[in-house]
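With the working numbering as the guide, the letters of the sequence shown map in order to residues 12 to 256. So the structure is just underneath, and the comments pick up after that.
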Amino acid sequence: MIKTKMAKRLKSNQMSDTFTNAIFLTLSGGFQDAYTYLCRGKVFANAQTGNIVLMSTHFFEGEFGLILHYLIPVISFIFGICVAEIQHIFFKNYKKIHWRQIVLAFEIVILLAVGFIPINLNILANALVSFVAAMQVQTFRKLRGNAYASTMCIGNMRSGAEALCGYFKTRKKILLIKAIEYFSIIFMFAVGAGFGSLAADRWGIRSIWFSCAFLFISFIIMFIRLEIEEEKEEELEKAVENEFK
Numbered sequence: 012m013i014k015t016k017m018a019k020r021l022k023s024n025q026m027s028d029t030f031t032n033a034i035f036l037t038l039s040g041g042f043q044d045a046y047t048y049l050c051r052g053k054v055f056a057n058a059q060t061g062n063i064v065l066m067s068t069h070f071f072e073g074e075f076g077l078i079l080h081y082l083i084p085v086i087s088f089i090f091g092i093c094v095a096e097i098q099h100i101f102f103k104n105y106k107k108i109h110w111r112q113i114v115l116a117f118e119i120v121i122l123l124a125v126g127f128i129p130i131n132l133n134i135l136a137n138a139l140v141s142f143v144a145a146m147q148v149q150t151f152r153k154l155r156g157n158a159y160a161s162t163m164c165i166g167n168m169r170s171g172a173e174a175l176c177g178y179f180k181t182r183k184k185i186l187l188i189k190a191i192e193y194f195s196i197i198f199m200f201a202v203g204a205g206f207g208s209l210a211a212d213r214w215g216i217r218s219i220w221f222s223c224a225f226l227f228i229s230f231i232i233m234f235i236r237l238e239i240e241e242e243k244e245e246e247l248e249k250a251v252e253n254e255f256k
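Quick look at the structure:
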C-alpha cells in the first residue's frame, strides 16, 4: 500500500513536469519563433499554421518558387515528432539518463549547428529549427500533470481560459492556480520572443545559441530533479522494509 501510494506521487511529479523546467523550455520556444522569423526569411519555427497560411497564399498568388520556403519546415516538423517518438521507444527504460534529456541534448547540438549555417541556406536552418521545435513539443507535454505546449500558445490560452472560467464558476483555488500557470507560460513565451528579437538585431544568425542556453538550463534542472526522485525512491524502499519488519 505504501509503495503504491508513493509510486503514484512520484509519477505525478516527474522531473520534466515542473514549472521551473517549463519556463526555460518556453523561453527557448518563443526565442526560436522570433529567430526564424527575423533572421531566417520570415518563416515560423513553431507555428506551422502560419507557415501553411503563407504557403497557401503564395500558391494561389502564383508565387510557386516560395512554396518550398514554407513547406519544408512543415515536413520537418512532422519528421521531428516521429524522431522524438522513436527516441522515447528506444530510451524510455534507460537508467543513466532520462530519455527526455537525450532529446534535449539532441536539440542543443542541432541548434548549435544552426548558428553556423549561412543566410543563403535559410531553408536548411528553418528545417532544423522546426525539427527541434517538434521534438520539444512532442517530448514535453505536461506541466504539473496538465497538458501544455512550450513552443506555441493557442492550446495554453484555451486551457488557461477554461481553468479561469472554471474558477469563477466553482471558486476552486486549484483552478485559479492552473489558470495562472498557463498564462504565466504564455507570458514567458512572449518574453522569449521579445528577447529573441533583441538578440537577432544584435547577434544575427548566431543568436540562436541563446536558445541552446535555455535548453541547457532545462537539461541541468532535470538532473537535479532526478537526484531528488532517487532520494524519494530510497525513502520508499526504506518505508517498505520498515513496514514488513
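Ideal Cβ positions, reconstructed from N, Cα and C, are used throughout, including at glycine.
Pairing A136 with T162 gives a Cβ-Cβ distance that is not under 8 Å. Secondary structure note for F179: its alpha helix (DSSP H) is the uninterrupted segment 165-181. The DSSP assignment places 59-71 as complete runs of the alpha helix (DSSP H) inside the region 34-100, in order along the chain (cut-off: 4 residues). Judged by DSSP secondary structure, A160 falls outside any alpha helix (DSSP H); it is assigned neither H nor E. Judged by DSSP secondary structure, L115 falls within the alpha helix (DSSP H) whose first and last residues are 110-125.
Considering only F42, S195, E118, the residue with the shortest C-alpha distance to G215 is F42.
Spatial neighbours of A160 in its own chain (CB-CB distance under 7 Å, excluding positions within 5 residues in sequence) are listed in chain order as V148, G166, N167.
Here P129 is exposed, its C-beta having fewer than 16 other C-beta atoms within 10 Å. If you draw a straight line from the Cα of N32 to the Cα of A116, it comes to about 15 Å. Distance from the CA atom of W220 to the CA atom of G126, rounded to whole angstroms, is 7 Å. Considering only V94, I134, I197, V85, the residue with the shortest C-alpha distance to L36 is I197. Counting C-beta atoms within 10 angstroms of its own C-beta, V64 has fewer than 16 neighbours from the protein chains shown and is therefore classed as exposed. As the crow flies, the alpha-carbon of G40 is around 24 Å from that of F102. Here the alpha carbon of L187 sits roughly 12 Å from the alpha carbon of S195.
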